[in-house]
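Q: When the sequence shown is numbered by the working numbering, its final residue is 314 and no position is left out of the sequence of numbers.
Backbone N, C-alpha and C fix where the C-beta goes; we use that ideal spot for every residue, glycine too.
Predicted model, so just to flag it, every value in this text is computed and none were measured.
The structure follows.
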Amino acid sequence: MIAEKEKAIGVFDSGVGGLTVFRELMKQMPKERLIYFGDTARVPYGSKSKETVTNYSRQIIRFLRTQDVKAIVVACNTASAMALDDIEEETDIPIIGVVKPGALTAAETTKNGKIGLIGTEATISSGIYEKYLKEMHPHVSVLGKACPLFCPLVEEGLLDDPVTTEIARRYLAGLVDSGIDTLIMGCTHYPMIKDTLQAVVGESVVLVNPAYETARECKTMLSGKDLLNEKEIELGSSAYQFFVSDAAEKFKTIANMFLPLGILGAKTVPIEDYK
Ligand code: DGL
């Protein structure tokens, strides 16, 4: 039987966006095995209801549990905002989301107290970043903007494309004019178009990617529970596995544009069966 510490960490998102968190987990915890699930059949989550996103998240957690994971990272702001409180209560292994770590990074980054937030409609309207930011930094002002077209652009692999730049200009004009000094990329898809976003907002605005702090908190949490793996993992083995609910080939192409792994494939899972 495999020791608890040597089990994998499960990571999930609605699509390819969670790979931005996956990459950071790989960097900060090179001895950990990781299992990724991208819900490519049902992306985007950002325009769906709390009930639906919570139900999807439950199904994915059930699937990840069949892979015997020791902990779960919800690498999706929308699911972290809408479902984490409920699924945390129902899950008996450690589980961590991306919103709190992202808010913490932004609170530590801002100098003028004006923070911009971009994310899905669901994340922005949940007000969850604002809630955490105000707890950490009561005088901060948060200006949110939903950017629903970014997720499909990333899922289509248009990471460096004039269409993405034009849409970013339209979405971000108001934020730039309002004098923010910090911009939270509050959707895990957005760090994939970071260069475009930075060019549009200008160098004086610091872009916050919640992935770094999420991986750091995950490491601290595992270490606190004596769950960090100490054994070297064999490269080329099944250290990193990828599952999707649809379009595995397309996922593989975009994942390989982003991760330096040479991913050979992703397996398709009938996720609706995990009731
Ligand atoms: N990557 C996700 C997030 O962080 C979800 C994007 C979507 O599915 O709408 O919110």
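Which value, in whole angstroms, describes the spacing of the CA atoms of isoleucine 163 and cysteine 226?
A: 10 Å
Q: Pull up the distance between the alpha-carbon of lysine 46 and that of histidine 178, whole angstroms please.
A: Each residue's Cα considered, the two are about 42 Å apart.
Q: Hey, glutamate 160 and proline 187 are a contact pair by Cβ (cut 8 Å); roughly how many whole angstroms apart?
A: At roughly 6 Å, the Cβ-Cβ gap stays under 8 Å, so glutamate 160 and proline 187 are in contact.
Q: Can you tell me the Cα-Cα spacing of alanine 286 and leucine 192, whole angstroms?
A: 16 Å
Q: Using the Cα positions of tyrosine 95 and isoleucine 310, report the straight-line distance between them to the nearest angstrom.
A: 8 Å
Q: Comparing alpha-carbon positions, which option in Ser277, Val137, Leu236 lies nearest cysteine 257?
A: Val137
Q: Could you give the residue range of the beta strand (DSSP E) that holds serine 217?
A: That residue, serine 217, is in no beta strand (DSSP E); it is neither H nor E in DSSP.
Q: For isoleucine 302, does the three-state DSSP call read helix, strand or coil?
A: coil
Q: In its own chain, which residues sit with a C-beta less than 6 Å from the C-beta of glutamine 280, not counting the 5 before and 5 after it?
A: Ile74
Q: Can you determine whether any heavy atom of the ligand DGL sits closer than 7 Å to the C-beta of glycine 263, and answer yes or no?
A: no
Q: How should arginine 209 be labelled, buried or exposed, when 16 other C-beta atoms within 10 angstroms of its C-beta is the threshold for buried?
A: Exposed.
Q: Rounded to whole angstroms, what is the Cα-Cα separation between leucine 123 and leucine 267?
A: 23 Å
Q: Would you call methionine 296 buried or exposed, if buried means 16 or more other Cβ atoms sit within 10 Å of its Cβ?
A: exposed
Q: Closer than 8 Å is the cut-off here; do at least three beta carbon pairs connect the stretch 46–59 with the stretch 71–89?
A: The stretch 46–59 makes contact with the stretch 71–89: 3 or more CB pairs, one atom from each, lie closer than 8 Å.
Q: Under DSSP, the alpha helix (DSSP H) around valine 340 begins and ends at which residues?
A: An answer regarding residue 340 cannot be provided, because it is not within the stretch 40 to 314 covered by the chain.
Q: Tell me, to the nearest whole angstrom, how far the beta carbon of arginine 260 is from that of proline 133; I am working on the premise that it is less than 8 Å.
A: The identity of residue 260 in the sequence shown is methionine, whereas the question assumes arginine. With 8 Å as the limit, methionine 260 and proline 133 qualify as a contact, their Cβ atoms being about 6 Å apart.
Q: Does the contact criterion of 3 or more C-beta pairs under 8 Å hold for the stretch 194–204 versus the stretch 111–127?
A: no
Q: What I want to know is whether the C-beta of valine 138 ends up closer than 7 Å to one or more non-hydrogen atoms of the ligand NAP.
A: Here the bound small molecules are the ligand DGL; the ligand NAP is not part of this structure.
Q: Hey, how far is the Cα of isoleucine 107 from the Cα of threonine 221?
A: Reading the sequence as shown, one finds aspartate at residue 107 and not isoleucine. Aspartate 107 and threonine 221: Cα-Cα distance of roughly 39 Å.
Q: Under the three-state reduction of DSSP, which class applies to glutamine 280: helix, strand or coil?
A: In the three-state reduction of the DSSP assignment, glutamine 280 falls in the strand class, which pools E and B.
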